[in-house]
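Protein chains in written order, with this note's numbering: chain A, -19 to 416; chain B, -19 to 416; chain C, -19 to 416; chain D, -19 to 416.
Think of the CB as a built atom: it goes at the ideal place given N, C-alpha and C, for glycine as much as any other residue.
This structure is a prediction, so every number in the text was calculated from the model and none was measured.
What follows is one structure encoded as structure tokens, with my remarks underneath.
4 protein chains.
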Amino acid sequence: NKEFFKGIGQIKYEGPQTDNPLAYRWYDEQRVVAGKTMKAHLCFAVAYWHSFCGNGGDPFGGATHIFPWDEKSDAVARAKDKMDAAFEFITKVNFPFYCFHDVDVVDHTSDVAENEKRLQALTAYAKEKQAASGVKLLWGTANLFSHRRYMNGAATNPDFSVLAHAGAQVKAALDATIALGGENYVFWGGREGYMTLLNTNMKREQEHLARFLHTAKDYARQQGFKGNFFIEPKPCEPTKHQYDYDAATVIGFLRKYDLLQDFKLNLEVNHATLAGHTFQHELQVAIDEGLLGSMDANRGDYQNGWDTDQFPNNINEITEAMLIILEGGGFKGGGINFDAKIRRNSTDPADLFHAHIGGADTFARSLLVADNILQHSDYKKIRADRYASYNSGKGQEFEAGKLNLEDLRNIAAASGEPSVISGKQEYLENLINRYI
Amino acid sequence: NKEFFKGIGQIKYEGPQTDNPLAYRWYDEQRVVAGKTMKAHLCFAVAYWHSFCGNGGDPFGGATHIFPWDEKSDAVARAKDKMDAAFEFITKVNFPFYCFHDVDVVDHTSDVAENEKRLQALTAYAKEKQAASGVKLLWGTANLFSHRRYMNGAATNPDFSVLAHAGAQVKAALDATIALGGENYVFWGGREGYMTLLNTNMKREQEHLARFLHTAKDYARQQGFKGNFFIEPKPCEPTKHQYDYDAATVIGFLRKYDLLQDFKLNLEVNHATLAGHTFQHELQVAIDEGLLGSMDANRGDYQNGWDTDQFPNNINEITEAMLIILEGGGFKGGGINFDAKIRRNSTDPADLFHAHIGGADTFARSLLVADNILQHSDYKKIRADRYASYNSGKGQEFEAGKLNLEDLRNIAAASGEPSVISGKQEYLENLINRYI
Amino acid sequence: NKEFFKGIGQIKYEGPQTDNPLAYRWYDEQRVVAGKTMKAHLCFAVAYWHSFCGNGGDPFGGATHIFPWDEKSDAVARAKDKMDAAFEFITKVNFPFYCFHDVDVVDHTSDVAENEKRLQALTAYAKEKQAASGVKLLWGTANLFSHRRYMNGAATNPDFSVLAHAGAQVKAALDATIALGGENYVFWGGREGYMTLLNTNMKREQEHLARFLHTAKDYARQQGFKGNFFIEPKPCEPTKHQYDYDAATVIGFLRKYDLLQDFKLNLEVNHATLAGHTFQHELQVAIDEGLLGSMDANRGDYQNGWDTDQFPNNINEITEAMLIILEGGGFKGGGINFDAKIRRNSTDPADLFHAHIGGADTFARSLLVADNILQHSDYKKIRADRYASYNSGKGQEFEAGKLNLEDLRNIAAASGEPSVISGKQEYLENLINRYI
Amino acid sequence: NKEFFKGIGQIKYEGPQTDNPLAYRWYDEQRVVAGKTMKAHLCFAVAYWHSFCGNGGDPFGGATHIFPWDEKSDAVARAKDKMDAAFEFITKVNFPFYCFHDVDVVDHTSDVAENEKRLQALTAYAKEKQAASGVKLLWGTANLFSHRRYMNGAATNPDFSVLAHAGAQVKAALDATIALGGENYVFWGGREGYMTLLNTNMKREQEHLARFLHTAKDYARQQGFKGNFFIEPKPCEPTKHQYDYDAATVIGFLRKYDLLQDFKLNLEVNHATLAGHTFQHELQVAIDEGLLGSMDANRGDYQNGWDTDQFPNNINEITEAMLIILEGGGFKGGGINFDAKIRRNSTDPADLFHAHIGGADTFARSLLVADNILQHSDYKKIRADRYASYNSGKGQEFEAGKLNLEDLRNIAAASGEPSVISGKQEYLENLINRYI
Ligand SMILES: [Co+2]
Ligand SMILES: [Co+2]
Ligand SMILES: [Co+2]
Ligand SMILES: [Co+2]
Ligand SMILES: [Co+2]
Ligand SMILES: [Co+2]
Ligand SMILES: [Co+2]
Ligand SMILES: [Co+2]
């Protein structure tokens, strides 16, 4: 078997003081934090598309990453080389999971049956690789946005024949996911939105989307799939507006169309910030509904208005995210998929390793910090105490629906001007840094 | 009676060719468009707060607008002067409606009973002014964000005693609105959100908000109020994050908490753009749910990230908005309230007139343009034709829920690669300008 | 000769009332406005790259526009077909100018001499086409951003051997521009910036850029080139930060490095808005320095943070731009190049025509409106009057440098609190709409 | 003497492991880093305006911070109380410096002479307090933006009589700064910009600004002032556009108007991000010109488009800033002024302490991290090596201006396609976290 990442061996945990850039400083997979191993908390996954297909191209330039696994002329043989490289990499960084789109795994054509055949061939190959390595599939998905036919949408395309093709792709991707024991299945609707409202029947398109999701879910359940379905919100790009704008919008959609039983959210950091939210906000919105399924880990650039998908490195920000995830009970079915890409000019083979090591260490360190904060500081107590007035007396009656508006008025008139209570924001911000 | 806007008489319609800056060029209230008068389509309202209370101050400077109606030392007498000025202005610009917050009408204290007494005194006075002028109240509301006590929220305040005060204010404002025959009642939750998630129980706060809205609604219905309740979305400012972020978020909230029967949306242009949406988008989202109640008309500055609340003047943008409103059947209960303020340095008394005239003319002209487009162009047909594949055959079966995923796959395999269909965006954009 | 845009003939002026979507409604090239023909005011140019090379691809999907002129396997033959199509289109829309990058005209290789040969072949061909059609070259440029070698910059590349290649390309592009009688030469430094400051010596890179521009300018002047050099500012994309951020930054750079004699600005609308400015602002900055060379006309999407390069359609915005251009004396050497692309899903051959017609009509109409405002309203007088206090007396002395700080203090103490003078913003905004 | 911050004593350094929230964990003023004490590196200053005048008000609400030093009715007596409180606080947090605007120190009237008298009274009082405490004045400034008269600008006001008042205020503020041994003098032109270009002669306004700065500088030099003048850039707010947009714009202005000898920059973090830059970028721009004078330390909110002026807390971001400052040789004359405010709802007296402690510790820790990176890692070497090709041979000749464009072409043709060199961004980002 060819080695694609020559000269780079197994990445190991060496501790915070190591100067080896090809070692983990914080990610110690068997270390137990809050009753679980780091591995079980974080469920790291490598994203097939960015890591093994992303060629460094951007809207202003062609490929810069030239892959040795892209050389063969036969599509299936080439795809197997890529899969060899992928499993070599995933094994070397010691991640338990990977994620893919159908077209990441093997190039697609315009022929439905041929595509199915190709994907099945690679599914069989992946099954062997998974068994040999112990690596598992966190989730599968179908790419319903790159092909020219989806330029006006997939499940929301005004032309039913395009929607049918989307159905064909989803069916094959579900079959592959199930065959590989995939734990979840994701929908990211990159083209499910509009370029201009002037030509768009938004209502009808959204009804089609809901119908399509029901149809896909019903099929998967009939095939015995027990995992979660995830919607991944994003506000825009490539479309001017994407229907799955943010967590609140998607949850409203799932509730309206009776999809809450089967669907949860896969939240991406850079999609949160493009939507005008902190990632922490999106996490909290999902957790408050019991719908935090999984995470696409990356970071955006606060000065650039597109999806830069950089690897995460900000300790303060990830610590605040891990606080919410830990307090909220973790992911429901999913994990932390690095939907992140090395830069166009990161052309050394080692760069892909540095990127994943840095990302994993940032999360591992933040997990430790967050756990310390929750275990040893007054962080939780301060928040709980703020709401104490609703735990008894009239506040409790209000929560229970026992007070009417005149009651509220009379309580206010009787009690006079309330005292002023600090929100202690600066104190709490210092507390975070106390533990980093 | 003192005249506050001396030297400016009744603003009249003089037609597009007039060079009189104190005349309407497009707003001809009795002109019939699409079966209704302009007046009935547009339902223009003057906003009490910006026009008669807004002193030109901003975070970096004090008052620049010094009002002759703010001179008396007695709060009620001063409030009556302001109301005289307000009705003089509303009558001179010939708007059918006005809107207010409780504290716009008369200064409030920390004493619940005293506030009620003051508001009642002014309510009685307003009743006379309305009767004399024919001007009506489009909606009333309570200001639950300016007073120090609301610095941590009103209905979402962690301290129940603050929530009770919010209840007292809403009760009095509902009483006033009902007494004045107000057609709607608005909730804008300026402080219903958070400054930092670190100290916030978002779930509990949102449950309190829902409970509070039910409580207020129940009271008003018991008092015989038949009008609509509106939520006005805004993403942030003054808070870091406001729960009523945008139309989709508010609709999700109303659906979750069973408020859809009584509540609709009051959409503000500048709030749409702060939330990362076009105003057209927000209108369409509301209309698709039958929830477009009313509009706060203004415009933001695309380079400034706060609520500039400028008067609208962009014909292309307002035409696209009016297209959606006209096609969607207009407002449900509300109208077009100019929640807009003249600039800090617009210190001539005439500036307030220019601002309202310009805003009204922009809407009136856009109404005419939009009606022409709908009546005389192929605008609607182009959009309808795009979705024709769902009107019969397999597309229709899909909409009816009769196709499963395997059906879709088989249809795709049998029909082959779909043909490419242009979205005709540039054609449609030209069509708009054809009618301006 | 093959006809590439079959079924679409010569686009003619038919006047505002025409319903023919393939006619000009406002652009009447021989109509005289403010002493010059519309053609001479506007100098419309077609952009070779978007119109004949742009395949509709975006970061999330491949080509959607499949061109009949891209079919031949020989690069030069294929390039000639493309040039035939280009001149057919430019002639049909009746634009006087076009613009190109070297690699738009013919595909480049990694071989410097072969690239020169190819470009010379096409230059000869273009010369014939120009002579036959009367179409002229507004400006030429070299694409120093798409090739992999430029991933770390061109003139600012840390590796000198890449800078040398940039020099080779610029030399060939200058030779072609001069051979074709091009009136100007443009530098857009798409990769002249950084992806991260952590690896960047910004000072040294900017010094290299200045040196490179001097070197290129000196060569062109030696070859007898009399035209202008333009820098096109853009704040970012594809880089995280681009050195030619905006007009003020570029002017500061030109002044620092002694390039003001030969270089002016080519301002793009969408680059202005990405930099946080209105386009009007960028125009005024350039005009105030006598440096408005040319314009890349398009529009961005205010909700999307990347360069959407849509065709312009907003009458209010373009009118405000034309006011500044007209008052400022027009372009110095350049014109209005439509650096704009039809949407990914605008796949009808007619869409390219609709786009250019709509863009040209928007500018032509705005030119007429702006001229009316300048000729017939008090627009200029209002502004001039605002500054009247500096035209005589102490204000004039201040401008002449005759007052010291103590003088100012004494004038203030003597004259007391100044009177308040309105900025009349709403009046002026209404005035614009009066003339649209 | 009254104690205003009762119950809070001297803030001391206790080390990273302390759980005392009212102690420094990293700021150990006498600790030597890179040859200087922390105190000398950081030169921390308290901002008078936010800390002792800022009442928690915002555009949607009134004061929440009610100060015990604001109670007396006599303006000068009240101002002395405030100054007592200020020096108590500055001494307790052990900062070596403070900064003020004239109107922070004592309330101003509309009378020039009375204002001078008041300011002189407080200057005398401050002189005593400085002598007693050892606290020094980092810089003084005049507030030329809050008073109504400046609504159309101060030095750029279209009305000369307003400019004269600005001159009077600057004279008095310079006199006070000089009397107090202030080390620098700052100009922040909050209203030096425009609300709309429609009424603005930008060129003339900028010429007035330049003239005004020369006039003020000349006066101060005549009075013997040896310190620096600083311009503080900000892109907008309160104006739509502010002329001192960002570092590059201000430097261009200073160069054009021959002010580079006396003026440097005071960079504010939140102003950098409002202008679309990282703070690191602004620092590098200033340092590359030798113009980094001082810093206003704070942070913005990446989701809120206004100047939130929060206290800094992000270790990654401040570390990247300190790397640039350390490598660039530190501040020229200035220091780190906390132009930051506690939140509206931070109403405990201790909150002001937490805020300053957290900010100071973030900088102190980042200084240590940055020094470690510079001393012990290959961070500097990696960057230097990237540019090695310009240190000798043809690259060096290019830098020396010895190569013409044909030389570059011939070098490229002879050397062939350059090799691909990684930018190592992820490696460098990991390296930062290695040292945090
Ligand atoms: Co993702
Ligand atoms: Co992404
Ligand atoms: Co509003
Ligand atoms: Co608003
Ligand atoms: Co351009
Ligand atoms: Co562009
Ligand atoms: Co500042
Ligand atoms: Co600030």
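With its beta carbon less than 7 Å from one in chain A, threonine 229 of chain B belongs to the interface. Classified as buried, aspartate 287 of chain A has 16 or more neighbouring CB atoms from the shown chains inside 10 Å of its CB.
Leucine 332 of chain B and lysine 220 of chain B have their C-alpha atoms some 31 Å from each other. Note that the segment 110 to 125 of chain D touches the segment 72 to 91 of chain D; at least 3 beta-carbon pairs, one per stretch, sit closer than 8 Å.
Shown in chain order are the members of the segment 211 to 224 of chain A whose Cβ falls below 8 Å from a Cβ of chain C: Cys216, Glu217, Pro218, Lys220 and His221.
Residues are counted here when their Cβ sits less than 9 Å from a Cβ of chain D; for the segment 265 to 294 of chain B these are Asp281, Gln283, Asn284, Gly285, Trp286, Asp287 and Thr288, given in chain order. Remark: the shortest separation between the CB of glutamate 248 of chain D and any heavy atom of ligand 7 falls under 6 Å. Bounds of the beta strand (DSSP E) holding alanine 25 of chain A are 24 to 27.
In this structure, the straight-line span from the alpha carbon of aspartate 198 of chain B to that of phenylalanine 125 of chain D is close to 48 Å.
At a threshold of 6 Å, aspartate 287 of chain C counts as near ligand 6, since its beta carbon sits closer than that to one of the ligand's heavy atoms. Taken through DSSP and simplified to helix, strand or coil, serine 274 of chain D comes out as strand. If you look at leucine 247 of chain D, you'll find it in the beta strand (DSSP E) that goes 243 to 248. Between leucine 178 of chain D and threonine 136 of chain D, the C-beta gap is not smaller than 7 Å, which leaves the two residues out of contact. Across the structure, glycine 313 of chain D and valine 85 of chain C are spaced so that their CA atoms are roughly 54 Å apart. A distance criterion of 6 Å places the beta-carbon of aspartate 198 of chain B beyond contact range of ligand 7, judged by its closest non-hydrogen atom. Flagged as an interface residue toward chain C: glycine 170 of chain A, by a C-beta distance shorter than 7 Å. Around the beta-carbon of serine 402 of chain D, 16 or more other beta-carbon atoms lie within 10 Å, marking it buried.
Around the C-beta of isoleucine 46 of chain C, fewer than 16 other C-beta atoms lie within 10 Å, and the residue is accordingly described as exposed. Within the segment 123 to 139 of chain C, contact with chain A at the beta-carbon level (separation under 8 Å) is assigned to Phe125, Ser126, His127, Arg128, Tyr130, Met131 and Asn132. Lysine 244 of chain D and threonine 327 of chain C have their C-alpha atoms spaced approximately 54 Å apart.
A straight line joining the alpha-carbon of tyrosine 407 of chain D with that of proline 1 of chain A spans about 8 Å.
Between alanine 392 of chain C and alanine 144 of chain D, the gap from beta carbon to beta carbon is short of 7 Å.
In this structure, tyrosine 165 of chain B lies near phenylalanine 209 of chain B, with their beta-carbon atoms less than 7 Å apart. The Cβ-Cβ distance between arginine 345 of chain C and tryptophan 6 of chain C falls below 7 Å. Proximity of threonine 342 of chain C to chain A, defined by a Cβ-Cβ separation below 7 Å, is not satisfied.
Closer than 7 Å to the CB of glutamate 108 of chain A there is not a single CB belonging to chain D. Per the C-alpha coordinates, the member of C:Tyr282, C:Met275, C:Lys321 and C:Glu297 positioned closest to glycine 310 of chain C is C:Met275. Of the residues assessed, lysine 72 of chain A falls on the buried side of the cut-off, its CB having 16 or more other CB atoms within 10 angstroms.
Distance from the C-beta of aspartate 276 of chain D to the nearest heavy atom of ligand 7 is below 6 Å.
Listed by position along chain C, the residues whose Cβ is nearer than 9 Å to that of glutamate 307 of chain D form an empty set, because the closest Cβ is around 11 Å away. The continuous beta strand (DSSP E) containing isoleucine 211 of chain C extends over residues 208 to 211.
Rounded to the nearest whole angstrom, the CA to CA distance from proline 329 of chain D to tyrosine 130 of chain A is 59 Å. Residue-level contact check: aspartate 358 of chain C does not touch chain B, since none of the beta carbons of chain B fall below 7 Å from its beta carbon.
Close partners of tyrosine 407 of chain C in chain B (Cβ separation under 8 Å): Pro1, Ala330, Asp331 and His334. Going by DSSP, leucine 117 of chain B is part of the beta strand (DSSP E) stretching over 116 to 121.
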